[in-house]
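Here's the structure, in structure tokens; my notes come after.
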Amino acid sequence: MPCNILQLSVLAAVGSALAAGPPPVLLGTAANFAILAKSGVSTVPNSVTNGSIGISPATITSVTGFDLVQDVSGQFWTSPFVNGRVMGATDALPTPALLTAAVLEMQAAYTDAMITQPVGKSNLGQSRIPPGVYLWVHPITLPTITLFGGPMDTWIFQISGTTLSQLDDADMILGGGALAQNVVWAVSGTVSTGNNGVFQGKILSQTNIVIATNATVNGCVYAQTAVTLQQASVLCNGAAVIPPITSSSPTSTSTPTPSPSSTVATATCALTSTAAPTASATAPGPCFSTAFQNLNASIVAEDYLGFNLVDTVEAAVATAHS
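Read left to right, the sequence shown gives residues -19 to -1, 1 to 303 (mature numbering (1 follows the signal peptide of the UniProt record, and there is no 0)).
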């Protein structure tokens, strides 16, 4: 694993505990959106959305309550209530194709989440709900619950053939380092949060989703019909920022002259990985990040690592071959 400046060598075996829970549900390009729906997105002002909103095959006229202003490119809209873009199926190219792909991948993600085999006991009365796959075939109303696990652990909650709702003022507590981005709710019926409630995780509904008054969803919202916000917040911190899709002006082809000052400010790593990346709460250093952030594992207390940090390329090569 060559680094330009620093060579990181693992000198001892690492006993790592694999993350608990099912494989993550892959969203594909749907992950670019905080809210994605097929027939409509509406809000009772003022709501807040952290991330972009997409709708397809319905048009932008089915997005209401957001005080939309069209960008000069015609490819998207902006809103004072949306920290991102709002995109409809008839916006200028290439937006329609982007939305079509995202909706297809949203539907595929729902199917994947629903066919994962349940392995956990479906009991919301537990004081702590461990990682796993949980299935219900009757209507579920959520009280305050606690999901307890590590930052790599995963949960899938399947509500098949029925609805999911949440009591008013109910909370979802994440304990032990658990992350909302690793929680998926796959629901074949309507999803309704409680007034003043907190909901954690991605919601994949085969029908519609209602985010109630003063409720907060720490996650992304995907509906195969419509999404309704009632003075609510959708905080999709894991959503990617959609890059500009307008044509850009040519950039200079001249080669910049490197500064003669510090040459060790940032180390880079040449290691590549085909593993699917897993988002982390903090950004580790460049070499450690490249080597370890894609491992579906966490380091336990008794594990140990040895590191050699050397400051020349020659020493790095010698260390790598020793």
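For every residue, glycine included, the Cβ atom is placed at its ideal position computed from N, Cα and C. Given the structure is predicted, the values throughout are model-derived calculations rather than measurements.
Taking only the alpha-carbon atoms, compute the straight-line gap between residue i and residue j and give it to the nearest angstrom.
i, j, result
"Gln56", "Pro111", "43 Å"
"Gln187", "Asp48", "27 Å"
"Gly182", "Ser103", "18 Å"
"Phe14", "Gln107", "33 Å"
"Ile280", "Trp117", "Unreliable positioning characterises Ile280 in this predicted model, as indicated by a pLDDT of 32, which lies under 50. The coordinate reading is nonetheless provided below. Their Cα atoms are separated by approximately 33 Å."
"Ala12", "Pro5", "13 Å"
"Leu3", "Val202", "The sequence given here has Pro at residue 3, not Leu. Roughly 20 Å between the two C-alpha positions."
"Phe198", "Ser169", "Looking at the sequence provided, one finds Val at residue 198 rather than Phe. Cα-Cα distance, rounded: 19 Å."
"Tyr115", "Phe138", "5 Å"
"Ser146", "Asn64", "27 Å"
"Gln98", "Thr143", "18 Å"
"Ser60", "His119", "38 Å"
"Val67", "Ser33", "6 Å"
"Leu148", "Thr125", "8 Å"
"Gly9", "Leu85", "9 Å"
"Ala213", "Thr92", "27 Å"
"Cys153", "Ala204", "In the sequence as displayed, the identity of residue 153 is Met instead of Cys. Spanning the two alpha carbons is a distance of roughly 21 Å."
"Thr76", "Trp58", "11 Å"
"Leu155", "Asn176", "20 Å"
"Gln51", "Val29", "19 Å"
"Ile140", "Asn218", "24 Å"
"Leu74", "Leu105", "46 Å"
"Ile16", "Ser43", "13 Å"
"Ala151", "Ser23", "23 Å"
"Gly157", "Arg109", "10 Å"
"Ala39", "Phe180", "27 Å"
"Ala278", "Ile96", "Low per-residue confidence applies at Ala278: pLDDT is 35, beneath 50, and the placement is therefore not dependable, though the value from the model is reported in the following sentence. So the alpha carbons of these two residues sit roughly 24 Å apart."
"Val191", "Gly113", "26 Å"
What do you reckon, are the CB atoms on residue i and residue j nearer than 8 Å?
i, j, result
"Ala90", "Leu7", "yes"
"residue 311", "Ala207", "Nothing in the structure corresponds to residue 311, since the chain is present only between -19 and 303."
"Ala159", "Leu128", "yes"
"Gly178", "Ala167", "no"
"Leu216", "Ala94", "no"
"Trp136", "Val164", "yes"
Would you kindly report the start and end of the unbroken beta strand (DSSP E) that includes residue i?
i, result
"Asn31", "29 to 31"
"Asn199", "197 to 199"
"Ala207", "207 to 211"
"residue 390", "This structure does not reach residue 390, given that the chain is present from -19 up to 303, and the question cannot be answered."
"Phe14", "14 to 18"
"Gly21", "21 to 25"
"Val202", "202 to 204"
"Leu216", "214 to 216"
Would you grab the beta carbon distance between residue i and residue j for me? Rounded to a whole angstrom, and I think it's under 8 Å.
i, j, result
"Ala161", "Gly130", "Actually they do not touch by this definition, with Cβ atoms about 12 Å apart."
"Met133", "Ala(-1)", "4 Å"
"Gly21", "Ile36", "7 Å"
"Asn189", "Thr174", "That pair is no contact at about 12 Å."
"Asp72", "Ile41", "7 Å"
"residue 304", "Leu80", "Residue coverage of the chain in this structure runs from -19 to 303, which leaves residue 304 outside it and unanswerable."
"Leu210", "Val53", "About 27 Å separates the two Cβ atoms, so there is no contact after all."
"Asn31", "Phe62", "Asn31 to Phe62, Cβ: 10 Å. No contact."
Say the cut is 7 Å; is the CB of residue i nearer than that to a heavy atom of the ligand SAM?
i, result
"Leu8", "Ligands are entirely absent from the displayed structure, and the ligand SAM is therefore not among its contents."
- request: Jot down the residue ranges of each uninterrupted beta strand (DSSP E) in the stretch 69 to 130, minimum 3 residues, whole runs only, in chain order.
  value: Runs found: 113 to 117, 121 to 123, 126 to 129.
query: Whole beta strand (DSSP E) runs in the stretch 138 to 198 with 3 or more residues, listed along the chain?
result: Unbroken beta strand (DSSP E) runs of no fewer than 3 residues, entirely contained in the stretch 138 to 198, are found at 145 to 147, 153 to 156, 164 to 168, 179 to 181, 183 to 186, 190 to 192, following chain order.
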